[in-house]
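Heads up: the sequence shown at position 14 corresponds to 14 in this note's numbering, and the numbers run straight through without jumps. Below is one structure, written out as structure tokens, with a few remarks after it.
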Amino acid sequence: MESEALRSRVIETARSMLRLGLTVGTGGNVSVRCPGVNAFLITPSSLSYETLVPEDIAVVDLDDCTHKGRHKPSIEFRLHRSVYLARPDVSAVVHAHPPIASALAVAHKPLPLIIDACTFAFKDEVKVAEYGKPGSLELAENTVKALGDNTAVLLANHGILCVGDSLKAALERCEVLDKAALTYILSLIAGTPVCLKPLSDSG
Ligand SMILES: [Zn+2]
Numbered sequence: 001m002e003s004e005a006l007r008s009r010v011i012e013t014a015r016s017m018l019r020l021g022l023t024v025g026t027g028g029n030v031s032v033r034c035p036g037v038n039a040f041l042i043t044p045s046s047l048s049y050e051t052l053v054p055e056d057i058a059v060v061d062l063d064d065c066t067h068k069g070r071h072k073p074s075i076e077f078r079l080h081r082s083v084y085l086a087r088p089d090v091s092a093v094v095h096a097h098p099p100i101a102s103a104l105a106v107a108h109k110p111l112p113l114i115i116d117a118c119t120f121a122f123k124d125e126v127k128v129a130e131y132g133k134p135g136s137l138e139l140a141e142n143t144v145k146a147l148g149d150n151t152a153v154l155l156a157n158h159g160i161l162c163v164g165d166s167l168k169a170a171l172e173r174c175e176v177l178d179k180a181a182l183t184y185i186l187s188l189i190a191g192t193p194v195c196l197k198p199l200s201d202s203g
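Shown next as structure tokens:
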């Protein structure tokens, strides 16, 4: 069985996502690559994060999309799989429904690099993926396209997805994205936001 410690970290990340107000109820989902095999661990479908135990975490095969475990994987397992296939550099994915960043996703408005924290967390402005129904291949394809080589993406009329080389990094990006979205919306009220360039452009 894949490491119990890694399964526990998936559960801790999902609980943190909930406690940080980045999602409600059983919304959102968390996954991590399994070291040494072509598969990933992901939170199960429709189970409370607070009562999860390591054995509840599902395993999805990256090659054929089959899954193992006593529960079905999250409905968004195709979304996570597509990101891992497109981005070999990504080890963890957190998909959440935070209220403020989701407002930008509803407005189909990208988040520019407005504060230094954004330039550290994201490679460039955070784009909006075109709408796809939850759990659909269309959502997965649209998300991978808008994510590109960035570390975060807004999902139109749905939520956000952040990636990282660890669960901690992916979760922290979700926090930065939601807080920066609030700052951005307030700055639009205060005046005209002045945006920063990506760190890669600063020479
Ligand atoms: Zn969702």
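The beta carbon of each residue, even a glycine, is placed where N, CA and C say it ideally should be. Model, not experiment: these values are computed from the prediction.
Relative to the C-alpha of residue i, which residue among the options is closest?
i	options	result
D56	G21, T66, S74, A39	S74
L177	V194, S200, N150	N150
S136	D124, F77, V90	F77
K127	A86, K133, D116, P110	P110
K123	A14, R15, L199	L199
C195	L113, C174, H71, V153	L113
A96	S187, P134, L62	P134
L182	A92, S45, I115, L85	I115
S3	L139, E130, V59	V59
G148	V90, G132, Y184, V24	V90
N157	A146, A140, A129	A129
I'd like the list of long-range same chain contacts for residue i, defined as Cβ closer than 8 Å, with 5 residues on each side in sequence excluded.
i	result
E172	A121, G164
P99	G21, D178
V53	I11
Y184	L104, L111, P112, I114, P193
Quick one: does the C-beta of residue i sit closer than 7 Å to a heavy atom of ligand 1?
i	result
E141	no
H95	yes
H204	Outside the displayed range of the chain (1 to 203) lies residue 204, so it cannot be described from this structure.
G28	yes
P134	yes
G159	yes
E76	yes
Any idea if residue i is buried or exposed, counting beta-carbon neighbours within 10 angstroms, 16 or more meaning buried?
i	result
A39	buried
T51	exposed
V32	buried
C162	buried
G159	buried
L167	buried
S16	buried
G191	exposed
R81	buried
T119	buried
G28	buried
A107	exposed
T23	buried
G132	buried
A5	exposed
Is there at least one non-hydrogen atom of ligand 2 closer than 7 Å to the beta-carbon of residue i?
i	result
P112	Absent from the structure shown: ligand 2. Ligands present: ligand 1.
Spatial neighbours of residue i within its chain, please: C-beta separation below 6 Å, excluding the five flanking residues on both sides.
i	result
S8	P54
V30	V10, T13, A14, T43, V94
K68	V59
M1	The pLDDT assigned to M1 is 48, lower than 50, so where the model puts this residue is not dependable, and the model offers no usable value.
Quick one: what's got a C-beta closer than 7 Å to residue i's C-beta in the same chain, skipping five residues either side?
i	result
S71	The sequence shown places His at residue 71, not Ser. Closer than 7 Å at the Cβ level, and outside the excluded window around H71, lie P44, S45, L47, D56, A58.
Enumerated in chain order, which unbroken segments of the alpha helix (DSSP H) with a length of 4 residues or greater are wholly contained in the stretch 7-59?
none
Residue ranges of each alpha helix (DSSP H) within the stretch 147-190, 4 or longer:
167-190
Taking the runs of the beta strand (DSSP E) that are 3 residues or longer, which of them lie wholly in the stretch 67-125?
92-96
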